[in-house]
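Taking it in order: structure first as structure tokens, then the write-up.
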Amino acid sequence: MFPGKDDLYTMRALVDEGSKQGRRNRLVLFPQVGGRCAMQKASEVIGRTIVAREGGVSVGKVKDIVVDEAGRRVLGFLVEEGVFKRARVAPWATVQAIGPDAVVIASQASVVKADEAPEIKSVLDKKLVIKGLRLQTTAGKDLGKIDDFRFDESSGYIVGYELSGGVLADVFKGKSYLPTPASLELGREVAFVAPEAETTIVSADDVGEESSGGPGGSGVPS
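For the sequence shown, the working numbering gives the first residue as 1066, with consecutive numbering after it.
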């Protein structure tokens, strides 16, 4: 079950100078665990070595990151590509640390066939992939393409999505960032969010690597 907003989110208003000219403030939900979040960007984790703490041996590299069907949580890491039923994965429960150079798992036995991890197998069978999806509101407004996502390295919960293009491309002059919305519907080509999700989008350049309370703390979570 995805934790409730009261447990993981604090609400912050990002106010810029434009608000004085009548532009709306942006309200962003920042996930936090124990008052602080350390974030990882999916694209930067892919390619890192996976090391088993028991025995201290390398078991491969992160080939891809498997996300649940709701697009809210990391289920594990794909270790070996190929026909999906023969894919090898490291489920999230076996991950002990995600460092700048390696992902540490409990043991070599932590890497299993996808068939042995039903939730992961279901995602692989359906070929659900977040990267590359168009993101639209249920009112038909294009918010851009999902290029990347960021997740909390302690819990695996996805914090937000990096977008390119879309109706706000000219506003941010680059990639934008959507904090994980209350509702997200993933499809094969398009993901849908409620129209109000647009008001939470900020520039990706304003998103840092860690948070201890949002703007004004040690940074905005990434």
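Where is the CB? At the ideal position from N, CA and C, for every residue including glycine.
Through-space distance from residue j to residue i, alpha-carbon basis
i	j	result
V1272	D1166	22 Å
S1268	E1227	9 Å
G1209	F1142	26 Å
K1106	I1185	20 Å
S1108	D1212	9 Å
A1117	M1104	22 Å
R1113	V1168	7 Å
E1250	T1159	28 Å
S1229	I1195	14 Å
P1260	G1252	17 Å
V1258	V1124	38 Å
D1180	D1129	17 Å
R1157	G1205	Checking the sequence shown, residue 1157 turns out to be Trp, not Arg. Looking at the two C-alpha atoms, the distance is approximately 34 Å.
Exposed unless 16 or more other CB atoms sit within 10 angstroms - verdict on residue i
i	result
Q1173	exposed
D1190	exposed
D1133	buried
D1270	exposed
A1155	buried
A1330	Outside the shown range of the chain, which is 1066 to 1287, sits residue 1330, and nothing can be said about it.
A1182	buried
V1188	buried
R1215	buried
R1153	buried
L1198	buried
Nearest neighbour of residue i, chosen from the options [CA to CA]
i	options	result
V1255	R1215, T1265, I1111, T1203	T1203
V1224	D1207, G1231, L1243	L1243
E1263	E1250, G1239, L1200	L1200
Q1161	E1119, G1231, K1238	E1119
T1265	V1194, T1245, G1239, L1198	T1245
Beta-carbon proximity of residue i to residue j, cut-off 8 Å
i	j	result
V1110	V1131	no
I1163	I1115	no
K1178	R1151	yes
S1144	V1122	Note on identity: in this sequence residue 1144 is Val, with Ser being the wrong assignment. No, the Cβ-Cβ distance between V1144 and V1122 is not below 8 Å.
G1231	D1207	yes
C-beta neighbour in chain C for residue i, strict 8 Å
i	result
V1127	The question asks about chain C, but that chain is absent: this structure has only one protein chain.
Problem - Given 8 Å, three or more beta-carbon pairs between the segment 1131-1140 and the segment 1212-1229 - result: The answer is yes - the segment 1212-1229 touches the segment 1131-1140, with three or more Cβ pairs under 8 Å.
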